[in-house]
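Numbering (the numbering used here), first residue to last: 148 to 449.
As structure tokens, this is what we get:
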């Protein structure tokens, strides 16, 4: 809370990143630790955007394409009717996704694919607003943000991806088992640990949905796990309201990226769109940070 008459500095001044430094070979390890921050995990979205102008021209390739190609060999055997039944989607959507699976190929270019952080559109990504990011924001996000995916496993923000729909909870039978959790096994956790090791990150901020985080093995993660929880006032009590909670996860991700947060204690300063830190508890898998918002703080435009 801000005391009456107190002036709050802009986020960029509250949590300014350290100045750029040039490393000698002997300083690499030191600088890696200095750059250590937190690895934030979010979910993908069903809605995709492959037409709006791009906020950056830079891109990378997904790191788990071999597994995605294996999954494609399975889904391509399904008819549109089978896809519709499996995914519980309309005939129109089933036909669209059957065509996407047919056209999919593991050689991604800017002509047939788009950076994941700019392709996903939905409540989380409405809060994230990646289309407004600077190149410096994309740099930080690329190192410290990951998106979980039913098809691609783990995506970094600038990883190209072709359009798809394959939710993590889909009960798709593969040689590894009866659903995607069995298919991915512990490979997603291993990939996240590799990301943690590469950046020297020591904290994992779980902003993913339960459906997607179920693909992660928390006990095997090589970092402290922190889960922010967002509650809004409804009928006089605080509740998790799905739409608002999803958008808040995107808002928190943007807050972390644009303020270059490195310490989990800095998460408690999150105050975008009326949220305020309300306390923390120890959950089954790690620390849980509670953020609440009064009904009067919700803008009619939200």
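Every residue, glycine too, gets a C-beta built ideally from N, C-alpha and C.
No experiment lies behind these values; they were computed from the predicted model shown.
CB residue 414 to CB residue 425, shorter than 8 Å?
-> For the purposes of this step, residue 414 is taken as residue 267 along the chain shown, with counting starting at 1. For the purposes of this step, residue 425 is taken as residue 278 along the chain shown, with counting starting at 1. Cβ distance not < 8 Å, so residue 414 and residue 425 don't count as in contact.
Output yes or no for whether 8 Å exceeds the beta carbon distance between residue 317 and residue 233.
-> Along the chain shown, read from residue 1 onward, the residue named residue 317 stands at position 170. Along the chain shown, read from residue 1 onward, the residue named residue 233 stands at position 86. Cβ atoms of residue 317 and residue 233: closer than 8 Å.
Taking the DSSP output, what are the residues bridged to residue 302?
-> The residue given as residue 302 occupies position 155 in the chain shown. BP columns for residue 302 point to 294.
Same chain, Cβ closer than 6 Å to residue 439, neighbours up to 5 away in sequence not counted | Reading the chain shown from its first residue, position 292 is the one you call residue 439. Taken in chain order, the residues that qualify are 378, 385, 425.
Residue 245 to residue 185, Cα distance in whole Å?
-> Mapped onto the chain shown, residue 245 falls at position 98. Mapped onto the chain shown, residue 185 falls at position 38. Cα to Cα, the separation comes out at about 37 Å.
Look up residue 340 in the DSSP assignment and say whether it is helix, strand or coil.
-> Locating residue 340 in the chain shown gives position 193, where the first residue counts as 1. In this structure, residue 340 counts as helix in the three-state DSSP scheme.
Find the nearest neighbour of residue 402 within the set 291, 329, 265, 434, judged by alpha-carbon distance.
-> Residue mapping note: residue 402 aligns to position 255 of the chain shown, counting from 1. When each option's Cα is compared against that of residue 402, the closest is 291.
Among 325, 277, 370, 350, which residue has its Cα nearest to the Cα of residue 397?
-> Position 250 of the chain shown, counted from the first residue, corresponds to residue 397. It is 277.
From residue 191 to residue 296, what distance separates their C-alpha atoms?
-> Along the chain shown, one-based indexing puts residue 191 at 44. Along the chain shown, one-based indexing puts residue 296 at 149. If I take the Cα positions, the gap works out to 6 Å.
Where residue 146 sits in the DSSP three-state scheme = Since the first residue shown for the chain is 148 and the last is 449, residue 146 is missing from the structure and cannot be characterised.
Note down the Cα distance separating residue 356 from residue 315, rounded to an integer number of angstroms.
-> Locating residue 356 in the chain shown gives position 209, counting from the first residue. Locating residue 315 in the chain shown gives position 168, counting from the first residue. Roughly 10 Å between the two C-alpha positions.
How long is the line joining the alpha carbons of residue 195 and residue 310, rounded to whole angstroms?
-> Locating residue 195 in the chain shown gives position 48, where the first residue counts as 1. Locating residue 310 in the chain shown gives position 163, where the first residue counts as 1. Each residue's Cα considered, the two are about 7 Å apart.
Is DSSP giving residue 203 helix, strand or coil here?
-> One-based indexing of the chain shown puts residue 203 at position 56. Correct three-state label for residue 203: coil.
What number of angstroms, rounded off, separates the C-alpha of residue 366 from the C-alpha of residue 431?
-> Along the chain shown, one-based indexing puts residue 366 at 219. Along the chain shown, one-based indexing puts residue 431 at 284. Roughly 11 Å between the two C-alpha positions.
Using the beta-carbon count (16 or more within 10 Å), is residue 429 buried or exposed?
-> If you number the chain shown from 1, residue 429 lands on position 282. With fewer than 16 other Cβ atoms within 10 Å, it is exposed.
Assumed close pair residue 260, residue 201 - CB separation to whole angstroms, cut-off 8 Å | Translated into positions along the chain shown, residue 260 becomes position 113. Translated into positions along the chain shown, residue 201 becomes position 54. Contact between residue 260 and residue 201 fails: their C-beta atoms lie close to 12 Å from each other, not under 8 Å.
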